[in-house]
Amino acid sequence: MPLPKEKRIYTYADYLSWPEDDRVEIIDGVSYLQAAPSRIHQEVLSELHRQIANFLVDKSCKVYPAPFHVVLNLDEESEDELDRRNVFEPDITIVCDRAKLDDCGCKGSPDMVIEIISPSTARKDKVEKFNKYEQAGVKEYWIVEPHEKIVSVFILENNKRYGRPGMYTEEDVVKVSIFDELVIDLSKVFSFD
49 MPLPKEKRIY TYADYLSWPE DDRVEIIDGV SYLQAAPSRI HQEVLSELHR QIANFLVDKS
109 CKVYPAPFHV VLNLDEESED ELDRRNVFEP DITIVCDRAK LDDCGCKGSP DMVIEIISPS
169 TARKDKVEKF NKYEQAGVKE YWIVEPHEKI VSVFILENNK RYGRPGMYTE EDVVKVSIFD
229 ELVIDLSKVF SFD
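Note that my numbering numbers the sequence shown so that position 168 is 216, with each residue one more than the last.
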């Protein structure tokens, strides 16, 4: 839900001025306050992060759980990063180009993003963020639906568009396309009660 602030276009400069405790995203200049995540959301996030982080030990890529912000540089936006109008807080972000990292987060397209959806975030994650991640060139995008125990995996193809998603359930293991040997065991991800 958009924040009830005065009507105007918000930028990364605005985002940096807001209280650190506020979990806010900006999509096309509109600010959205994020609700506190549920226990199940956090269990799913923790297990995904654990599997990925264990794989990345002693590798150059880094994985970050939320809160960790990503400032996307989309074609229609200003060259000045403070004027950018798309600032996201993905649940999990993987960055292999360390030049994109600073003390605040990631500037530019991460290599992979995972969003764990809830009823209140489904539209943003499945439509708005999907389109922005695709446009920004995020190589792999996962949408995790904890209550349905389904993961949709989108991989950026040569035409710079996401192809047909791979669909997986708690009975599956999923190969992460950006790495040769990383496989995620969904039975552990969805083992919450």
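Each residue gets a CB set at the ideal place from its N, CA and C atoms; glycine is no exception.
Can you tell which of the options has its C-alpha closest to the C-alpha of residue i?
| i | options | result |
| --- | --- | --- |
| Leu120 | Lys208, Asp220, Thr217 and Tyr181 | Tyr181 |
| Tyr112 | Ser65, Glu95 and Gly211 | Glu95 |
| Gly185 | Ser239, Val161, Thr59 and Gln90 | Val161 |
| Pro213 | Asp150, Trp190 and Ile88 | Trp190 |
| Glu229 | Arg209, Ser86 and Lys107 | Lys107 |
| Lys208 | Lys187, Cys109 and Ile226 | Lys187 |
| Asn134 | Asp145, Leu149, Ala147 and Cys154 | Cys154 |
| Leu64 | Arg56, Val118, Ala114 and Val221 | Val118 |
Residues in the same chain with beta-carbon distance under 8 Å from residue i, minus the five sequence neighbours each way, listed in chain order, please.
| i | result |
| --- | --- |
| Ala61 | Leu130 and Asp131 |
| Gln82 | Arg71, Val72, Glu73, Glu137 and Thr169 |
If you follow the alpha helix (DSSP H) that residue i is part of, which residue opens it and which one closes it?
| i | result |
| --- | --- |
| Lys236 | Leu234 to Val237 |
| Glu219 | Segment: none, Glu219 is in no alpha helix (DSSP H) and carries neither H nor E. |
| Tyr60 | Tyr60 to Ser65 |
Taking the beta strand (DSSP E) that residue i belongs to, which residues open and close that run?
| i | result |
| --- | --- |
| Val111 | Lys110 to Pro113 |
| Ile74 | Val72 to Ile75 |
| Val92 | Taken as a continuous stretch (DSSP letters only), Val92 belongs to no beta strand (DSSP E), being part of the alpha helix (DSSP H) at Arg87 to Leu104. |
| Leu81 | Val78 to Leu81 |
Looking only at its own chain, which residues have a Cβ that is under 6 Å from the Cβ of residue i, when we skip the five neighbours before and after it?
| i | result |
| --- | --- |
| Phe238 | Lys197 and Glu218 |
| Phe103 | Leu230 |
| Lys110 | Val143 |
| Val224 | Leu230 |
Taking 7 Å as the cut-off, is the C-beta of residue i nearer than that to any heavy atom in the ligand FMN?
| i | result |
| --- | --- |
| Leu81 | The ligand content of the structure shown is nil, which means the ligand FMN is not present either. |
Go through its chain and collect everything with a Cβ distance to residue i's Cβ below 7 Å, but skip five positions before and after it.
| i | result |
| --- | --- |
| Ser86 | Ser166 |
Quiz item: Unbroken alpha helix (DSSP H) runs of length 4 or more, entirely within the region 124 to 212: which are they?
Solution: Runs of the alpha helix (DSSP H) inside the region 124 to 212: 177 to 184.
Self-check item: At least three beta-carbon pairs within less than 8 Å, the region 97 to 109 to the region 221 to 233
Solution: yes
Quiz item: Is the number of C-beta pairs between the region 69 to 80 and the region 191 to 208 that are closer than 8 Å three or more?
Solution: no
Quiz item: Taking one C-beta from the region 202 to 217 and one from the region 154 to 173 each time, how about it: are there three or more such pairs within less than 8 Å?
Solution: no
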